[in-house]
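Everything below concerns the one structure shown next.
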Amino acid sequence: MPAPAHPPNDTPAYRSSELRAPKRPLRVLPERVSDLSTPLLTGIAIDPLDNDLTRQHDGEPLGERITIGGSVKDEHGAAVVGALIEVWQANAAGRYAHANDRHSAPLDPNFSGAGRCLTDDEGRYHFTTIKPGAYPWRNHPNAWRPAHVHFSVFSDAFAQRLVTQMSFPGDPLLPLDPLYNAMPDPEVRERLVARWSLELTQPEWSLGYEWDIVVAGRDATPLHDDGEE
Amino acid sequence: MTLPLTPSQTVGPYFAIGLGPTIGTHVVREGTTGATRISGQVLDGAGQPVRDAVVETWQPEGVARSATDDEGLFAVVTVKPSRATSNAAPHIDVSVFARGLLTRLVTRVYFPDEGAANETDAVLQSLTPEDRTTLVASVDGGGLRFDIHLQGARETVFFDR
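The listed protein sequences correspond, in order, to chains A and L. Last residue of the first sequence: 277 in my numbering, with the numbers rising by one and none dropped. Last residue of the second sequence: 233 in my numbering, with the numbers rising by one and none dropped.
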């Protein structure tokens, strides 16, 4: 039996979970949730520039320019085509362009921190952005979140819905992060760390990171999904 | 071949930056025949509104997404889905994301005017009568009310997917 992929919501080291994680066990559905093939995602107008977070303002954002690319596949290896990928992140100083972020680091007038794209015919995505900064949070004394980019994957199969975070290789904050450590198996949590990639590095432009995402099969059932809690 | 799944992580407190209006709150326009407003509060274990949750509804007719407001309220406008199989009552699949939740929560909205169908629904009938009530919306003015209790005596039934 492989280790569960998804972290348990009941993770006391993550303080926000205390009043929010359900206390009762999840119920097993007698039959799986029917897959949805909605026309929704075919009707979405995505600007080709929506995947470039460095070109949303008059000027360029400060920070280390990066390209993030990868594939979205299901657990059987099939490409997930036409999925909506939405990303959001802090700026290079570790500050989100959000009213509730009170970190004293400066906002960047040239960086909103949001992007989106649809996966192509091979299930691939890519974004151009700047490397986000680490930032403090109040989970425990002197707590800092490792640099990360939030990812949302939205295909037409309910079982495949995923919200997650991509981290950067070699970040010294990762071993101290309760969200990262919520997956007890090191092999499992390392799946959240991108690989630095010379292939994706654009000469004289941006450093490349490759991060492949694997979601459940369209027909996932608890019997052959290693993600059940 | 089985590839290892990418783990889920929390949506965090700042998802509003990225989970924009690409997916909206309306499956159908208000005023469409059969259009139903479904709203409700997301509440934590202390009974306090969860002001930074996002609720998504899925059904064959389309999907909708609503962030909660300062009162923990979400609202979507949709239609009642058709009955999928003979032992399934009409229902909408729901995902709940929030700071404090590392993995999405999955639940279902059933309809209060489908009493007979609800009586034969395999999922509802697998639950105790008390648990069943957490999944059936109530009539609220011209729409439906579906509160989501993350914890507590009235904790909503959540499914493993």
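Note that beta-carbon positions come from the ideal geometry of N, C-alpha and C, so glycine has one too.
Between L:Arg171 and L:Asp142, the C-beta gap is not smaller than 9 angstroms, which leaves the two residues out of contact. With fewer than 16 other Cβ atoms inside 10 Å of its own Cβ, A:Asp233 counts as exposed.
Leaving aside the five residues that flank A:Ile94 on each side, the residues in its chain whose CB is nearer than 7 angstroms to its CB run, in chain order, Arg164, Cys165 and Leu166. If you check the CB distance, L:Thr140 and L:Val151 do not come in under 9 angstroms. Annotation for A:Leu97: Arg103 place their beta carbon closer than 7 angstroms to its own, counting only its chain and skipping 5 residues before and after.
L:Asn190 counts as buried, since at least 16 other C-beta atoms from the protein chains shown sit within 10 angstroms of its C-beta.
Secondary structure within the stretch 149-212 of chain L: the alpha helix (DSSP H) runs of 4 or more consecutive residues, fully enclosed, are 187-192, 194-197 and 201-205 (chain order). Shown here, L:Glu128 sits in a strand according to DSSP, grouped into three states. Using a Cβ-Cβ cut-off of 9 angstroms, L:Gly213 does not count as an interface residue toward chain A, since no Cβ of chain A sits closer than that to its own.
One alpha carbon belongs to A:Val76, the other to L:Val178, and they sit about 11 angstroms apart. DSSP places A:Gln104 outside both helix and strand once states are collapsed to three, so it counts as coil. Nearest to L:Val181 by alpha-carbon distance, out of L:Asp193, L:Leu174 and L:Thr94, is L:Asp193. Annotated as distal: A:Glu134 and A:Ala153, with beta-carbon spacing of 9 angstroms or more.
For L:Ile164, the CB contacts under 8 angstroms within the same chain, skipping 5 residues up- and downstream, are Ile110, Thr129, Trp130, Gln131, Thr150, Pro153, Arg180 and Val181 in chain order. The stretch 178-196 of chain A and the stretch 105-125 of chain A touch, with three or more beta-carbon pairs separated by less than 8 angstroms.
Taking A:Glu170 as the centre and dropping the five residues before and after it, the same chain places the C-beta of Ala127 closer than 6 angstroms to its C-beta, in chain order.
Between L:Thr108 and the set L:Gly213, L:Asp219, L:Glu227 and L:Arg233, the nearest pair of CA atoms involves L:Gly213. In this structure the stretch 197-208 of chain A does not touch the stretch 144-160 of chain A; the number of beta carbon pairs closer than 8 angstroms is below three. Per DSSP, A:Val236 is one residue of the alpha helix (DSSP H) stretching across Pro234 to Arg237.
In the same chain as L:Gly117, and ignoring 5 residues on each side of it, the C-beta atoms closer than 6 angstroms to its own belong to Gln223 and Gly224, in chain order. Only exposed fits A:Gln250, as fewer than 16 other CB atoms lie within 10 angstroms of its CB. Look at A:Tyr228 here: in three-state DSSP terms it is helix. Residue-level contact by beta carbon holds for A:Asn57 and chain L, with a gap shorter than 9 angstroms. Interface criterion not met: the Cβ of L:Ala107 is under 9 angstroms from no Cβ in chain A.
Put simply, of L:Val148, L:Thr82 and L:Glu133 the residue whose alpha carbon is nearest the alpha carbon of A:Asp225 is L:Thr82. For A:Thr249, the enclosing beta strand (DSSP E) starts and ends at Arg243 to Gln250. The Cβ neighbour count for L:Glu102, taken over all protein chains shown within 10 Å, is under 16; the residue is labelled exposed. Between the C-alpha atoms of L:Leu173 and A:His54 there is a straight-line separation of about 11 angstroms.
The C-alpha of A:Ser203 is placed about 25 angstroms away from the C-alpha of A:Ala138.
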